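Here the sequence shown stands for residues -22 to -1, 1 to 132, numbered as in mature numbering (1 follows the signal peptide of the UniProt record, and there is no 0).
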Amino acid sequence: MMQISIVFSILYILCGTTSSLAFVFEDCGSEAGKFDEVSISSCDVSDEKCTLPRGTDIKVLIKFAPNKDISDITAHAFGVLLDVPIPFPLKNSNVCKDSDSGVQCPLKKDQKTEFKNTFNVDKKTPAVSVDVMWEFRNEKDEKIICIKFPVKVV
């Protein structure tokens, strides 16, 4: 009986500890590359979720490298509710043709690349907590990178 009590005590402590941990930018199935760094201007990674204040411009920086030659990159963003990805409209989804992205295509295998973007969180956006998935896909529709992280719109 004492052992069961100790096990439950340890589980309680572990569950309490993990629920207060900071969020991470999780790889959600990168196939044709990997990301090294993600920075979002309004996010404090010591928080439980990335905070996106309504009515503000958010700056994004993603450092990544493809594991094969890439001629074209399309960006996709999703909100994930109840494990269902819901597409977010992007102003310019063609990363290679967006002169503000900092990405110059074609990319060579293992070429370190920095993607930059600024987007506005509209004042009318509902205050919601959701997981966000950000993907870059190549000309063969393979996921170059896939990044998932928790967001709170305030």
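From the three backbone atoms N, C-alpha and C, an ideal C-beta is built for every residue, glycine too. Since this is a predicted model, take the numbers as computed values, not measurements.
{"Check": "Once DSSP output is grouped into helix, strand and coil, what is the label at residue 126?", "Outcome": "strand"}
{"Check": "Cβ of residue 4 within 8 Å of Cβ of residue 126?", "Outcome": "yes"}
{"Check": "Identify the residues that DSSP records as bridge partners of residue 34: which are they?", "Outcome": "99"}
{"Check": "In whole angstroms, give me the CA-to-CA distance for residue 37 and residue 102.", "Outcome": "19 Å"}
{"Check": "If you compare alpha carbons, which of 75, 98, 128, 60 is closest to residue 112?", "Outcome": "128"}
{"Check": "Taking the straight line between their C-alpha atoms, what separation do you get for residue 121 and residue 6?", "Outcome": "10 Å"}
{"Check": "Whose C-beta lies closer than 6 Å to the C-beta of residue 33 among residues of the same chain, with five residues either side of it excluded?", "Outcome": "101"}
{"Check": "To the nearest angstrom, report how far apart residue 114 and residue 9 are at their CA atoms.", "Outcome": "10 Å"}
{"Check": "Mind checking residue 24: buried by the 16 CB within 10 Å criterion, or exposed?", "Outcome": "exposed"}
{"Check": "Does DSSP put residue 6 in a helix, in a strand, or in coil?", "Outcome": "coil"}
{"Check": "For residue 94, which of helix, strand or coil comes out of DSSP?", "Outcome": "strand"}
{"Check": "Can you tell me which of the three DSSP states residue 28 falls into?", "Outcome": "strand"}
{"Check": "With distances taken between CB atoms, is the gap from residue 66 to residue 55 smaller than 8 Å?", "Outcome": "yes"}
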